[in-house]
Amino acid sequence: MRIVLATLALAVMLTPLAASAQGSAPTPQQDRMKACNSGAGTQKLEGDARRKFMSDCLAGRVPATGPAQGGSPAQAAQRQRMTGCNATAAQRKLSGTARQDFMKSCLSGN
């Protein structure tokens with residue numbers, strides 16, 4: 001009888017350990033939070049900029065690495081401008097000198 005009670009007591013004590021081992025894997029939300037937090041730390045964001053980045057990152061609007069390869073906000077704006085100008089040039093089917101002139105004008109903001 002003592003052996004049965006001892007075995008039962010041991011089983012009861014080990015059950016929470018088994019349950020916690022199964023639940024220790026982070027959820028996808030926790031993984032995303034960790035990646036976004038790391039990205040914000042890498043960019044050294046603080047205050048409102050960090051809050052906005054975290055909000056956008058957790059919503060999936062920006063990658064966890066930050067705005068386009070983790071550059072500064074000015075570099076991110078330049079990349080966006082370049083992407084927009086490239087798309088417009090492709091839409092207009094510009095090539096050669098005409099494309100170069102258009103890109104120069106577009107990127108300078110004129």
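For the sequence shown, UniProt numbering assigns the number 1 to the initial residue and increments by one for each residue that follows.
We put the beta carbon where it would ideally sit given N, CA and C, even for glycine.
{"Asked": "Start and end of the alpha helix (DSSP H) containing glutamine 91?", "Found": "73–91"}
{"Asked": "Using the Cα positions of phenylalanine 102 and serine 72, report the straight-line distance between them to the nearest angstrom.", "Found": "26 Å"}
{"Asked": "Alpha carbon to alpha carbon, how far is arginine 79 from valine 12?", "Found": "60 Å"}
{"Asked": "For alanine 76, which option in Gln43, Gly47, Asp31, Met1 has the closest C-alpha, if you only look at C-alpha atoms?", "Found": "Gln43"}
{"Asked": "Using the beta-carbon count (16 or more within 10 Å), is alanine 59 buried or exposed?", "Found": "exposed"}
{"Asked": "Alpha carbon to alpha carbon, what distance is there between alanine 90 and glycine 96?", "Found": "12 Å"}
{"Asked": "Quick check: what's the CA-CA separation for threonine 88 versus serine 24?", "Found": "49 Å"}
{"Asked": "Tell me which same chain residues have a C-beta within less than 6 Å of the C-beta of alanine 68, skipping the five on either side of it?", "Found": "Low local confidence applies: a pLDDT of 43 at alanine 68 is under 50, so the model's placement there is unreliable, with the coordinate-based value given in what follows. Same-chain partners within the cutoff: Ala76, Arg79."}
{"Asked": "Determine the DSSP secondary structure at valine 62, reduced to helix, strand or coil.", "Found": "coil"}
{"Asked": "If you draw a straight line from the C-alpha of lysine 52 to the C-alpha of lysine 93, how long is it?", "Found": "37 Å"}
{"Asked": "Between the alpha carbons of glycine 47 and proline 28, how many angstroms are there, rounded?", "Found": "25 Å"}
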